[in-house]
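Q: Residue numbers for the sequence shown follow our numbering, beginning at 517 and rising by one.
Where a beta carbon is used, it is the ideal one built from N, C-alpha and C, also for glycine.
Structure in structure tokens, see below.
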Amino acid sequence: MEKLKIAGGYSLKGTVRVSGAKNSAVALIPATILAESPVTIEGLPHISDVEILKDLLEEIGGRVNINSEEMTVDPSTMISMPLPNGKVKKLRASYYLMGAMLGRFKKAVIGLPGGCHLGPRPIDQHIKGFEALGAQVTNEQGAIYLRADELHGARIYLDVVSVGATINIMLAAVRAKGRTVIENAAKEPEIIDVATLLTNMGAKIKGAGTDVIRIEGVETLNGCRHTIIPDRIEAGTYMILAAAMGEGVIIDNVIPLHLESVIAKLREMGVFVESGDDQIFVKTVPNLKAVDIKTLVYPGFPTDLQQPFTTLLTRAAGSSVVTDTIYGARFKHIDELRRMNANIKVEGRSAIINGPIQLQGAKVKASDLRAGASLFIAGLMAEGITEVTGLEHIDRGYSDLVEKLNGLGATVWREALTKDELEHMKNI
Ligand code: EPU
């Protein structure tokens with residue numbers, strides 16, 4: 517196991533290329549199960565979630581080839597193998613295997629998903645959708661059993677706007693008999709990306725990206741080639757970094773429309789931001805202003821950037837309030853930021869940040885993926901050396917992180933954990 521070491525305080529300059537979107541990738545890969553012939557996905561990020569999903573597709577008999585950023589899946593040899601345990605528990609997005617296997621085989625057994633600990637993350641809306649499509653769903657010893665004689669279209673109103681439930685119901689419904697309507701659907705760009713892949717495979721989907729999605733079921737789906745969208749959360753992370761430490765950073769391979777809420781907040785802080793067709797230029801300014809943030813479903817400010825943004829706000833003059841309306845407990849990074857000299861307190865669903873403060877290097881631990889991002893940003897802003905453990909969380913979502921940061925002029929490296937550190941990890 518490794519940790520990330522950062523020598524902080526260096527200005528960043530140059531161009532960083534954004535990888536394919538993690539939260540699309542983790543849905544696109546299970547979606548290949550629905551086809552009868554090979555599907556190729558281009559532009560995949562180098563992250564551990566992709567590797568785990570590759571292994572899971574192989575476990576159910578798929579033939580998978582990865583060549584750098586391109587994955588080809590031949591789903592023709594797949595079987596409806598139960599996956600109650602093992603790798604399926606390592607990532608939250610393994611819940612997409614439920615929708616995809618149910619769609620293709622009309623049955624599935626999938627262990628309840630793992631992923632980041634952000635407080636309660638129920639999947640009741642996914643299950644409500646599967647049941648409406650005609651599946652029987654039971655929870656037996658921590659695994660979800662789904663069975664249907666036949667899937668039929670249905671009208672499904674989501675009580676909570678959920679990215680996962682919207683995509684999962686879409687996956688099952690594309691091969692159901694008749695018409696499905698998902699109301700109060702999530703509108704995130706990743707949903708449009710999955711709908712685009714499914715449509716290229718032969719599915720009939722209208723309205724992805726709006727809050728009503730209409731699906732006309734088809735009997736079979738075929739292979740195709742699909743290029744994934746850029747990762748707006750990775751892009752936002754580098755924008756935040758550039759807002760703190762950037763002498764002029766070009767974030768390349770982005771869809772600026774996906775980042776409007778982030779661009780607006782950075783400008784409100786006084787940061788210089790200019791966007792082009794597929795690039796965004798960000799440069800810091802001497803006196804950053806405090807701002808308030810409230811996370812919302814897309815196109816609102818993304819919860820996934822709340823933690824990294826909190827780190828940036830330690831440098832702003834005045835008091836900022838960050839409120840997470842999606843995940844009320846997504847604040848495990850705050851204690852770690854305090855170790856680095858930040859002046860932050862948590863009240864209910866809000867973090868209150870008082871600045872400006874010069875962060876100091878320290879030994880800190882990433883408890884989840886975006887907590888990890890908030891900590892490596894803090895390390896780059898801090899005086900002295902920062903060590904971030906819990907690197908396995910960061911590796912789930914940031915492709916080629918060390919190379920990208922050093923390419924911008926940072927001094928960052930990976931180091932093996934010492935014996936003592938490994939021992940300590942075992943005891944917590
Ligand atoms: N919710 C329910 N019932 C459900 C589903 C969701 O109550 O059946 C609640 C959740 O507890 C949460 C809210 O609805 O409060 C939104 O959850 P959603 O289902 O939209 O989240 P998700 O699909 O599980 C995805 C991303 C997350 C991101 C959220 C919100 C993936 C694999 N994960 O999760 O990404 O935070 O949407 O945008 O797409 C990350 O990238 O670090 C990450 C955690």
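Under 6 Å Cβ to Cβ from Thr905, same chain only, skipping five residues before and after it: list those, please.
A: So the list reads Lys519 and Lys881, once near-sequence residues are dropped.
Q: Below 7 Å, is the gap between the Cβ of Arg748 and the nearest heavy atom of the ligand EPU?
A: No, the Cβ of Arg748 stays beyond 7 Å of every heavy atom of the ligand EPU.
Q: Pull up the CB-CB distance for Ser791 and Phe817, whole angstroms please, since I reckon it's below 8 Å.
A: Not quite, the Cβ-Cβ distance comes to about 17 Å (not below 8 Å), so this is no contact.
Q: Tell me whether Glu706, by its Cβ, gets closer than 7 Å to a heavy atom of the ligand EPU.
A: Yes, Cβ of Glu706 sits closer than 7 Å to a heavy atom of the ligand EPU.
Q: Using the Cα positions of Val677 and Tyr843, report the straight-line distance between them to the nearest angstrom.
A: Going by the C-alpha atoms only, they are around 13 Å apart.
Q: Would you call the CB atoms of Ala701 and Ala670 closer than 8 Å?
A: No. Outside cutoff.
Q: Would Ala624 and Ser592 be called neighbours here (beta carbons separated by less than 8 Å)?
A: Their beta carbons are not under 8 Å apart, which means Ala624 does not touch Ser592 by this criterion.
Q: Taking a contact to mean a Cβ-Cβ separation below 8 Å, would you say Leu924 touches Val653 in this structure?
A: No.
Q: Would you say the beta carbon of Pro638 comes nearer than 7 Å to a heavy atom of the ligand EPU?
A: At least one heavy atom of the ligand EPU is nearer than 7 Å to the Cβ of Pro638, so yes.
Q: Please report the residue range of the alpha helix (DSSP H) in which Asp571 lies.
A: Element bounds for Asp571: Ser564 to Glu575.
Q: For my contact list, Ala537 and Pro746 are in at a C-beta cut-off of 8 Å; report their separation, rounded to the angstrom.
A: The pair is a contact, with the Cβ atoms about 6 Å apart (cut-off 8 Å).
Q: Please name the residue, chosen from Asp565, Gly559 and Val555, that lies closest to Gly578 on a Cα-to-Cα basis.
A: Gly578 has its Cα closest to that of Val555, out of Asp565, Gly559 and Val555.
Q: Considering Cα atoms alone, identify which of Leu569, Ile549, Ala541 and Asp571 is closest to Pro561.
A: With distances taken between Cα atoms, Pro561 lies closest to Ala541.
Q: Grab the span of the beta strand (DSSP E) containing Glu784 for me, first residue to last.
A: Unbroken run through Glu784 is the alpha helix (DSSP H), Glu776 to Glu784; no beta strand (DSSP E).
Q: Name, in chain order, the residues that DSSP records as bridge partners for Asn870.
A: The partner list for Asn870 (beta bridge, DSSP) reads Ser835 and Asn859.
Q: For the beta strand (DSSP E) holding Val798, just list the boundary residues, first then last.
A: That run of the beta strand (DSSP E) goes Gln795 to Lys799.
Q: When the Cα atoms are used, what is the spatial distance from Ile626 to Lys703?
A: Cα to Cα, Ile626 sits roughly 26 Å from Lys703.
Q: Apply the 10 Å Cβ neighbour rule to Thr934 and answer buried if 16 or more other Cβ atoms are within range, or exposed otherwise.
A: Exposed, since its Cβ has fewer than 16 Cβ neighbours within 10 Å.
Q: Consult DSSP for Ile756 and reduce its assignment to one of helix, strand or coil.
A: Reduced to three states, the DSSP call for Ile756 is helix.
Q: Touch check for the region 732-749 and the region 712-720: three-plus C-beta pairs under 8 Å?
A: They touch, by the three-pair rule.
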